[in-house]
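Worksheet: one structure, shown below.
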Amino acid sequence: MNLIQNHHSLAALYESVASITAKKQRDNLIRYRDQAFLSRDLVKIDVDAPVSADLAEFEISAADTEALAGLFQTLEFRQLQHALSQKTDLSDKDYQPILSKEALNRLIERLKSARIFSLDTETTSPIPMKARLVGLSFALQANEAFYIPCGHDYIGAPPQLPLTEVLNKLRPILEDPAIQKVGQNIKYDWIVLNRHGVKLDGVVFDTMVASYLLNPSKRAHNLDQIALDFLGHKTIPYQEVAGKGKNALTFNQVLLEKAVPYACEDADITLMATDVLMPQLQEIELQHLMENVEMPLVPVLMNMEMTGTCVDIDRLHELSKSFAHQLEALEGSIYGLAGEAFNINSSKQLGNILFNKLQLPVLKKTKKKTGYSTDVDVLTRLAEEHEMPALVLKHRTLSKLKSTYADALVDLVNPETGRIHTSFNQTVTATGRLSSSDPNLQNIPIRSAEGMEIRRAFVPRKGWKLVSADYSQVELRILAHYSNDRILIKAFLDDEDIHARTASEVFQVSTSDVTGELRRQAKAINFGIIYGMSAFGLSKQLNIGQKMAQTYIDHYFARYKGVKAFIDETLTAAHQSKRTSTLLGRIRLLPDIDSRNRVVRQAAERTAINTPIQGSAADLIKLAMIDVASAIREKKLESAMLLSVHDELIFEVPPHELEPLQTLVKEIMEGVWELKVPLKVNLAVGDNWAEAH
DNA sequence: GTGGCGTCC
DNA sequence: CAGAGGGACGCCACT
């Protein structure tokens, strides 16, 4: 039996079901599949493995057909199916364009006296640091919304109110903290408005963030999804308005006839969704997290993104050139050993050379068993038998550094600001962490010497310094707190080297006899505990036998009895409640915790253990970011928070603020929450990110 | 669009 | 007996 776990096979399943169901049903099924996949808690069906790669030949057993039939009859499915089969119905909607001063004045009067309203911006780009404002929409009550176009410039576009005038008139409302606003992904609009000279205030709710808190495991929290999930409403597809592919229009080119209903619907749905989401947050006690953590974090992230980070473009160019030279030399050597030229970046071609031509032993297949694995593990072991694998590894490293960092970062420098503006996404990770993209500044290299050179290209503005503040062993401290483990707590109270302490306990030697090697092994054990690693995993990690690994784990739990108890209790609670939660009450649903499939169930159990630890660390750093940001504002410091990398914050600091900034950051971060062990923050200062570490 | 791989915490 | 480590993002090849 094979569990449907990915989009591809689920799609295949639906395709095959479709062949045995009516045509109409089939269309709905196919349209349904994204949603079905999304709510992993809804669809969980075992089917026989595909008999061929051809999707059409996917076979389902009688029992599975029955299970599917059951699925089709669930209320949730039928509702979604119904919603999806509907054409968007605008007949009961009152959506109006605002084209005259009089109409704008009337709208403004209503906005002034509104209890709460939603707003949405339409722009020329999905990148808020580049977007130009094209229009704004507002909704004050359900089924009614207004769109103020002020930048549609296609030939024949009707006369519109000038952007400056619109913003000047709206400014007192938008900047009034007492007038409550809601939005969908409001950080985007906040940045766009900020760049157009309007400092939004009074933002109390973001539907995207709310949807995320209710179920952080969902694939997406966009408005279309929210409309479907929470309102059973099918929204106007963006493609219908702007087209798709390379012919897609930017919103300034969209006809008003199409723009008005689309833009109005966004504001309308946002407001209606707010009414549904707010009580749901209250019901499961997420309101505190929403009001005191996630919403206050939004403008903090906005400021970080808008400030951006300075990079030394010349250095990146130099590095790219140097990498290119080294890659060329490596290619020559590798082709020589292979006896032919091939694409080293293709694991398929590389596998052919290594395992067919050179007849090296196959140590591992790829995940889907379709080919030979050539990952770092395999190549490292093969390096003992042949010269080529080591050269390929070197090639991989340099190729990665060149393409992903040296070359890509340069392209993301904003021409207006000369800096790199990452996006911090607040609604992506299942645990509560932030993620960073375009570019991802949370995975800038640090381990290898060449990687460090990339990090060296991250610099402060002229005359300033970079300061980093990182939580020391924050996850293990949280484990100590949760488990109340005697040994762990004492170790942190005494500010011991935690991995050395573990080595001493597990290997039964005095701390003075802990060698580097023992400490390394203990470190792997500590992380293994947090991640729920098995004896198999540990044995692979440490290159020891599985028996030995199991012995280590047994020794660990014999010494750290509190940790053992914590894991047992957490699992019991998870099985009982089908969820797991963090220090601040963030939740993660665990639909698979009682799965009859052992692999699936155990994965859920690891999640149940890891999420409170990883997620609580995320809670704490988010709180710290909010407090540090307000302290910087209150003390009127020039220093700016630039980045957050899971347990670390990076600041750009003028020389005269170095001392006060560091004191303040350390105090706030260490004092952000009282645990049974102290929180510890390490500070570093430098002229680039490599030095400030 | 998916799979393989590698970078980070 | 297979499958056995949490969370991300992004590049390249391939289909």
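Using the working numbering, read the first sequence as starting at 72 and increasing by one per residue. All C-beta atoms, glycine included, are put in the ideal place defined by N, C-alpha and C.
At the level of alpha carbons, what is the spacing between residue 766 and residue 650? Because the chain here runs from 72 to 764, residue 766 falls outside it and cannot be looked at.
So who's on the other strand from residue 229, going by DSSP bridges? Here residue 229 corresponds to residue number 158 of the first sequence, with the count starting at 1. DSSP output for residue 229 lists no bridge partner at all.
If contacts are defined as beta-carbon pairs under 8 angstroms, then residue 681 and residue 603 qualify, I think. What distance do you get, rounded to the angstrom? For the purposes of this step, residue 681 is taken as residue 610 along the first sequence, with counting starting at 1. For the purposes of this step, residue 603 is taken as residue 532 along the first sequence, with counting starting at 1. About 6 angstroms; that satisfies the 8 angstroms criterion.
DSSP has residue 335 in a bridge; who is on the other side? To locate residue 335, count along the first sequence from 1; it is residue 264. Answer is none; residue 335 lacks a bridge partner.
With contact counted as at least three CB pairs below 8 angstroms, one residue from each stretch, are the segment 482 to 497 and the segment 371 to 378 in contact? Between the segment 482 to 497 and the segment 371 to 378, the count of Cβ pairs shorter than 8 angstroms is three or higher; the stretches touch.
Assigned secondary structure, residue 650 (DSSP; H/G/I helix, E/B strand, else coil): The residue labelled residue 650 in the question sits at position 579 within the first sequence. Note: residue 650 maps to strand in three-state DSSP.
Do residue 371 and residue 740 have their C-beta atoms within less than 8 angstroms of each other? Mapped onto the first sequence, residue 371 falls at position 300. Mapped onto the first sequence, residue 740 falls at position 669. Taking 8 angstroms as the Cβ cut-off, residue 371 and residue 740 do not qualify as a contacting pair.
May I ask you to report which of helix, strand or coil DSSP gives residue 395? Sequence index remark: in the first sequence, residue 395 carries index 324 (1-based). Residue 395 sits in a helix when the DSSP states are folded into three classes.
Less than 8 angstroms between the beta carbons of residue 255 and residue 337, yes or no? In the first sequence, counting from the first residue as 1, residue 255 sits at position 184. In the first sequence, counting from the first residue as 1, residue 337 sits at position 266. It is a contact, given that the beta carbons lie within the stated cut-off.
DSSP three-state call for residue 210: helix, strand or coil? Reading the first sequence from its first residue, position 139 is the one you call residue 210. In the three-state DSSP reduction, residue 210 falls in the strand class (E or B).
Enumerated in chain order, which unbroken segments of the alpha helix (DSSP H) with a length of 4 residues or greater are wholly contained in the segment 427 to 479? Runs found: 447 to 453, 459 to 471.
Please report how far the alpha carbon of residue 164 lies from the alpha carbon of residue 215, in whole angstroms. Counting from one through the first sequence, the residue named residue 164 turns up at place 93. Counting from one through the first sequence, the residue named residue 215 turns up at place 144. Their backbone Cα atoms lie some 6 angstroms apart in a straight line.
If contacts are defined as beta-carbon pairs under 8 angstroms, then residue 280 and residue 343 qualify, I think. What distance do you get, rounded to the angstrom? Position 209 of the first sequence holds residue 280. Position 272 of the first sequence holds residue 343. In this structure residue 280 is not in contact with residue 343, their Cβ atoms being roughly 17 angstroms apart against a cut-off of 8 angstroms.
So what does DSSP say about residue 578, is it helix, strand or coil? Here residue 578 corresponds to residue number 507 of the first sequence, with the count starting at 1. Reduced to three states, the DSSP call for residue 578 is coil.
Helix, strand or coil: which one does DSSP assign to residue 350? Locating residue 350 in the first sequence gives position 279, counting from the first residue. Secondary structure at residue 350: helix, using DSSP grouped into helix, strand and coil.
Return the residue from the list 631, 220, 636, 241 that minimises the CA-CA distance to residue 232. Counting from one through the first sequence, the residue named residue 232 turns up at place 161. Of the listed residues, the one whose Cα sits closest to residue 232 is 220.
Residue 168 in three-state terms, based on DSSP: As a first step, residue 168 must be located in the first sequence, where it is residue number 97. Residue 168 falls in the strand class under three-state DSSP.
Just checking my contact of residue 182 with residue 244 at CB under 8 angstroms: how many whole Å lie between their CB atoms? Numbered from 1 along the first sequence, position 111 holds the residue referred to as residue 182. Numbered from 1 along the first sequence, position 173 holds the residue referred to as residue 244. With 8 angstroms as the limit, residue 182 and residue 244 qualify as a contact, their Cβ atoms being about 5 angstroms apart.
Using DSSP with H/G/I as helix, E/B as strand and the rest coil, what is residue 297? Counting from 1 along the first sequence, the entry for residue 297 is found at position 226. Helix at residue 297.
Who are residue 377's beta bridge partners in DSSP? Stepping through the first sequence from its first residue, residue 377 is reached at position 306. Looking at the DSSP assignment, residue 377 forms no beta bridge with any residue, so it has no partner.
Suppose the cutoff is 7 angstroms on Cβ atoms and the five residues either side in sequence are ignored; what does the same chain contact list for residue 608 look like? Position 537 of the first sequence, counted from the first residue, corresponds to residue 608. Cβ neighbours of residue 608 within its own chain (closer than 7 angstroms, five residues either side excluded): 599.
Can you tell me whether residue 355 is buried or exposed, with buried defined as 16 or more other CB within 10 angstroms of its CB? By 1-based counting over the first sequence, the position of residue 355 is 284. Answer is exposed; the Cβ neighbour count stays below 16.
Taking 7 angstroms as the cut-off, is the CB of residue 249 close to at least one heavy atom of the ligand MG? Ligands in the displayed structure: none, and consequently the ligand MG is not present.
Quick test of the definition: if touching needs 3 or more C-beta pairs under 8 angstroms, does the segment 317 to 330 touch the segment 449 to 461? As far as the Cβ criterion goes, the segment 317 to 330 does not touch the segment 449 to 461, which means the pair count is below three.
For residue 80, which residues of its own chain have a beta-carbon under 7 angstroms away from its beta-carbon, when the five flanking residues on both sides are left out? Translated into positions along the first sequence, residue 80 becomes position 9. Low confidence applies to residue 80: its pLDDT is 38, below 50, so where it sits in the model is not reliable, and the reading given next is rough at best. Cβ neighbours of residue 80 beyond the five flanking positions: none.
Residues near residue 26 in its chain [Cβ-Cβ closer than 7 angstroms; skip 5 each side]: This structure does not reach residue 26, given that the chain is present from 72 up to 764, and the question cannot be answered.
Per DSSP, the bridge partner or partners of residue 712: Residue mapping note: residue 712 aligns to position 641 of the first sequence, counting from 1. In the DSSP output, where bridge partners are listed per residue, residue 712 has 722.
Residue 677 to residue 665 span [Cα, whole Å]: Looking up residue 677 in the first sequence gives position 606. Looking up residue 665 in the first sequence gives position 594. C-alpha separation (whole angstroms): 13 angstroms.
Cβ-based neighbour list, residue 225, same chain, cut-off 6 angstroms, excluding 5 preceding and 5 following: Numbered from its first residue, the first sequence carries residue 225 at position 154. Scanning its chain for C-beta atoms nearer than 6 angstroms, with the 5 sequence neighbours on each side dropped, one finds around residue 225 the residues 324, in chain order.
So the candidates are 282, 652, 632, 687; which of them puts its Cα closest to the Cα of residue 350? Your numbering for residue 350 matches position 279 in the first sequence. The closest CA to that of residue 350, considering only 282, 652, 632, 687, is found on 282.
Is residue 599 helix, strand or coil by DSSP? In the first sequence, the residue the question calls residue 599 occupies position 528. Helix, per DSSP.
Quick one: Cα of residue 467 to Cα of residue 485, how far? Within the first sequence, residue 467 is the residue found at index 396, counting from 1. Within the first sequence, residue 485 is the residue found at index 414, counting from 1. Roughly 29 angstroms between the two C-alpha positions.
Spatial neighbours of residue 507 within its chain, please: CB distance less than 6 angstroms, with the 5 preceding and 5 following residues excluded, ordered by chain position. Here residue 507 corresponds to residue number 436 of the first sequence, with the count starting at 1. Excluding positions up to five away in sequence, the list reads 493, 495, 513.
By Cβ distance below 6 angstroms, which residues in the same chain neighbour residue 274 in space, the five residues on each side in sequence not counted? Taking the first residue of the first sequence as 1, we reach residue 274 at position 203. Counting only Cβ-Cβ distances below 6 angstroms, and skipping sequence neighbours, we find 252, 257.
Between which two residues does the alpha helix (DSSP H) carrying residue 314 extend? Position 243 of the first sequence holds residue 314. First-last for residue 314: undefined, no H or E at that position.
Please determine, among 510, 629, 264, the residue with the shortest C-alpha to C-alpha distance to residue 579. Numbered from 1 along the first sequence, position 508 holds the residue referred to as residue 579. In terms of CA proximity to residue 579, 629 leads the group 510, 629, 264.
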